[in-house]
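UniProt numbering numbers the first residue of the sequence shown as 1 and each following residue consecutively.
All C-beta atoms, glycine included, are put in the ideal place defined by N, C-alpha and C.
A quick note: this is a predicted structure, and the numbers were derived from the prediction, not measured.
As structure tokens, the structure follows; a few thoughts come after it.
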Amino acid sequence: RRANHIARQLLQLGVQPDERVAICAERSLDMIVGLLGVLKSGAAY
């Protein structure tokens with residue numbers, strides 16, 4: 001659910017497919033959720 005929310009937010013911000021998104025986070029569950037959100041939006045990390 002959280003990954004889907006991040007993906008929707010990225011798309012609303014105008015992130016395009018295959019666009020790179022930077023992630024700065026310590027290794028944790030939140031980092032994994034962020035990575036999944038980026039991938040679900042069609043972008044890359």
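A straight-line Cα-Cα distance of about 17 angstroms links Arg1 and Gln12.
The beta-carbon distance between Arg20 and Ala43, rounded to whole angstroms, is 7 angstroms. This is short enough to meet the 8 angstroms contact definition. Excluding residues up to 5 positions away in sequence, Met31, Gly34 lie with their Cβ nearer than 8 angstroms to the Cβ of Ala25 in the same chain. Note on geometry: alpha-carbon atoms of Leu10 and Asn4 lie some 10 angstroms from one another.
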